[in-house]
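Number of protein chains: 2
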Amino acid sequence: MDAVETAARNAKDASYRLQSLTQAVRNEALQEIAAALQDHADDIVKANQADVKEAEKAGLSKVLVKRLRYDHAKIKESVDSLFSLVKQEDPIGKIVSRTELDSGLVLERVTCPIGVIGVIFEARPEALVQISSLCLKSGNAVMLKGGSEAHRTNEALAKVIVHAVTDLDERFASAVQLLSTREEINQLLAMDQFVDLIIPRGSNQLVRFIKEHTKIPVLGHADGICHTYVDESADLDMAMSVCFDAKVQYPAVCNAMETLLVHENVALTFIPAMAERFQQAGVELRGDEGACTMAEMKEASEEDWSTEYNDLVLSIKIVSNLEEAVQHINRYGSHHSDAIVATDERAAQRFMDEVDSSSVMWNCSTRFADGFRYGLGAEVGISTNKTHARGPVGLEGLTIYKYRLRGSGHIVSDYVGESAKQFTHRKLL
Amino acid sequence: MDAVETAARNAKDASYRLQSLTQAVRNEALQEIAAALQDHADDIVKANQADVKEAEKAGLSKVLVKRLRYDHAKIKESVDSLFSLVKQEDPIGKIVSRTELDSGLVLERVTCPIGVIGVIFEARPEALVQISSLCLKSGNAVMLKGGSEAHRTNEALAKVIVHAVTDLDERFASAVQLLSTREEINQLLAMDQFVDLIIPRGSNQLVRFIKEHTKIPVLGHADGICHTYVDESADLDMAMSVCFDAKVQYPAVCNAMETLLVHENVALTFIPAMAERFQQAGVELRGDEGACTMAEMKEASEEDWSTEYNDLVLSIKIVSNLEEAVQHINRYGSHHSDAIVATDERAAQRFMDEVDSSSVMWNCSTRFADGFRYGLGAEVGISTNKTHARGPVGLEGLTIYKYRLRGSGHIVSDYVGESAKQFTHRKLL
């Protein structure tokens, strides 16, 4: 048995023990982690400085080095979010429904942890703290694999967290484990016997690689190809403001707009003005044939419609009606977040019904698709899956449910045959 | 592009159109199917008789031939369940939560269809009717592959269903499709681009094969290795009755007991009497060393603990405490349905918390784990997954949710920076 398999098996055993921890113990664990991060801040920062130094020596880009940095200010942010997580409602043990099946035979559906979560993340050491604390809050064991450029920081953080929680309660033993080598990613992805869910936090390439190489459910999304459709009924001033925000406010993120769709009846009014505003902000435009005649821009290729630029680049297409807009989005989009700007309520309703995306917006920016903005508290990730959890995912995405049935000697044979007892199926909750 | 890919692509397009169908239209479709089944009953029965004749000629077992039979009585059963499905609450369009993010910016989470469901089933032609109607009720497109021994019946049924729904509304075109050859199963399993969920209905072997060969989420379970643990605090008369029901009432099903665990303090009283009752009912017993000294039985091998007999065979093990029982179940069980018989409420609570199964029972038979008995209406299947849907799964397992955000020109840049607006995050529902 190799090291990863042993780790995974231990994580599974830990996950069974975690099932019995009360909310109080799980919250105490988060507080212990917060205290330990503060106590060991100097060691952590020192480890991080060594990582940063090596990264700079290796010629990593300034952006990557910046993301790698984990200083006293960042530690304080981690501590603050731990305290805010403590205050969040317990996701575990919620009774979702209760049904009396028959007199004295009562069925409950109750939320419980999923089990073992595998997390693969790149750079940003704070992700290690955030995701382990989310897993512990929800009673899950977690196996972590961070980027090699942050290995000293990750090791220091994992050590602090593991000590803090196992000192509090030995049932946390093996509940948080850090894998160290790159080869271990593939081994982790093969552990479908022990690992119940994989959460990738990183580039589209990472997510795509993971989805291709595992049978374990993966919570997340690769592409974020988001659209805004400006309907013929749109308030064009509003459309201008919403589209500008969706593209320019933070172009590097998954919920930024990549393609603008404009109804042909308003294209000639809207596109030239919108193009001017985008170009003043440094946005490179790529249009279909019609759009190119209305403003100065490059011609878009077929590939543009399915490209996530993550940058100040935008493709623009003129559509002849709402239906064409919906079809384009369902075909080329990534089912992430798509918006309509319209005053016609029926058009908006139809758009929101027929666009098959995890978030559909009316008269607002796609940039709102985010766990914090949606009021979910901490965000596990944004999912474009069609099962389990979809859209911005909070703690709830780390839970599942079990059924509890309490009887007093009830047997099925009493409910079968000629003189069968009848179920009452009385909804109690 | 091969035939299955074309079919899957068409099913995906259909699934987008189905998103806009009202509850009334979806229910009408079920009624049209019921009417068409009655109108074409003679053709269907004739096709089935040809299948049955061929199966008998090919020497299929009596049990299999019986399952294959689909006569006028069975058609009436299908029609009745269609009418009962019409009456069930609409699983689609339910607003699960509503939050005001800020004045005029309201977020809703609303249930919606998953998209395209692939169903692979063996024998029992009524499964075709049942599963297509569940998919249509929940607004999903469905691709069906039945067993070759029932191909005439399945083709007749699919034809009737397709005509009935497309005559009603052309948006149902390609929403129900039947695949015909065995090779097409593998092609279907590779269609993760178009197919969102696979539901296998058949043997453990079939389910295991499917889980091994697809990246599409699979709803279901392979093994059903269910346990009953008789605690030292148990009412032993109750334990006798519950265990007998769990093993004998219908041994061929997934929620029947396969292993009996007995606390050592009651073993000497309980096992001899229980063994006698089981043996009178023709149950073959296989015990651990201790159990073998208490009653006449074969010695169990290590393999027995992880075997689903699906038959009148039972393994028996003596445990020294609750913890050992829980560990045995989590290790050897299939996380399906497991019961404790106990008068000690704390022991029962601990068992139900720590046993990691989709259904945990106290003082009642594991045989209750079933969609109908749980009051879910129609059952899609029983899932031992740790994500999406778990335990007996009703219509809800064929749904997911999307977020709808309605604003009046709201943009994210107003909520960022020094004079950032604050979110209200006011829970409206």
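Residue numbers (the numbering used here), protein chains in the order written: chain A, 1 to 429; chain B, 1001 to 1429.
Ideal Cβ positions, reconstructed from N, Cα and C, are used throughout, including at glycine.
Along the segment 1366 to 1390 of chain B, the positions whose C-beta sits under 7 Å from a C-beta of chain A are R1367, F1368, R1373, Y1374, G1375, K1386, T1387, H1388 and R1390, read in chain order. For L144(A), the uninterrupted beta strand (DSSP E) segment begins and ends at A141 to K145. Under DSSP, L285(A) takes part in a beta bridge, and its partners are L314(A). Inter-segment contact for the segment 165 to 182 of chain A and the segment 4 to 22 of chain A is present: three or more beta-carbon pairs are separated by less than 8 Å. Sequence-distant partners of E1354(B) (beyond 5 residues in either direction) whose C-beta falls short of 7 Å from its own C-beta, in its chain, are V1326.
Excluding its 5 nearest sequence neighbours in each direction, G290(A) has C-beta neighbours in its own chain below 7 Å: A267 and I318, listed in chain order. Secondary structure at V195(A): coil, using DSSP grouped into helix, strand and coil. About 4 Å separates the beta carbons of A275(A) and A295(A), which is inside the 8 Å limit, making them a contact pair. Taking V116(A) as reference, the option from I216(A), R26(A), Q205(A) and F209(A) with the minimal CA-CA separation is I216(A). Per DSSP, A1175(B) lies in no alpha helix (DSSP H) and is assigned neither H nor E.
L144(A) is positioned such that its CB atom lies closer than 9 Å to that of V119(A). Considered as a whole, the segment 1202 to 1235 of chain B harbours 1204 to 1212 as its complete alpha helix (DSSP H) runs of no fewer than 4 residues, in chain order. By alpha-carbon distance to L1398(B), the top candidate from S1133(B), H1221(B), K1057(B) and E1284(B) is S1133(B). For T1424(B), the three-state secondary structure derived from DSSP is coil.
Closer than 9 Å to the CB of L105(A) there is at least one CB belonging to chain B.
Spatial neighbours of A239(A) in its own chain (CB-CB distance under 7 Å, excluding positions within 5 residues in sequence) are listed in chain order as V230, F270 and V341. Residue state for G407(A) is assigned as strand, using DSSP reduced to three classes. With respect to chain B, the C-beta atom of R201(A) has no partner C-beta closer than 9 Å. Contact of A141(A) with chain B is not assigned, every C-beta pair being separated by 9 Å or more.
Cβ-Cβ separation between C254(A) and G224(A): approximately 3 Å, consistent with a contact (criterion under 8 Å). Within chain A, the C-beta atoms nearer than 8 Å to that of W1362(B) come from R404, L405, R406 and G407, in chain order. Per DSSP, T1111(B) lies in no alpha helix (DSSP H); the unbroken beta strand (DSSP E) holding it starts and ends at L1105 to P1113. In terms of beta-carbon proximity, N330(A) lines the interface with chain B, with at least one pair separated by less than 9 Å.
Against chain A, a Cβ distance below 9 Å from K1215(B) picks out K211, E212, T214 and K215. Going by DSSP, N1363(B) is part of the beta strand (DSSP E) stretching over S1359 to C1364. Taking the C-beta atoms as reference points, S1337(B) is found nearer than 9 Å to S1359(B).
Residue pairing by DSSP places L260(A) opposite T228(A) and I316(A) in a beta bridge. S1413(B) and L1128(B) have their C-alpha atoms some 52 Å from each other. Listed in chain order, the positions of the segment 1026 to 1056 of chain B with a beta carbon within less than 7 Å of a beta carbon of chain A would be empty, since no residue qualifies. The C-beta of Q1327(B) comes closer than 9 Å to at least one C-beta of chain A. Contacts with chain A at 9 Å (Cβ-Cβ) do not include L1429(B). Burial of A1389(B) is indicated by the presence of at least 16 other C-beta atoms within 10 angstroms of its C-beta.
For G375(A), no pairing in a beta bridge is given by DSSP. Note that the segment 33 to 44 of chain A touches the segment 68 to 77 of chain A; at least 3 beta-carbon pairs, one per stretch, sit closer than 8 Å. Where F1121(B) is concerned, the enclosing beta strand (DSSP E) starts and stops at V1116 to F1121. Taken in chain order, the members of the segment 1101 to 1133 of chain B whose beta-carbon sits within less than 7 Å of a beta-carbon on chain A are L1101, L1105, L1107, I1114 and G1115.
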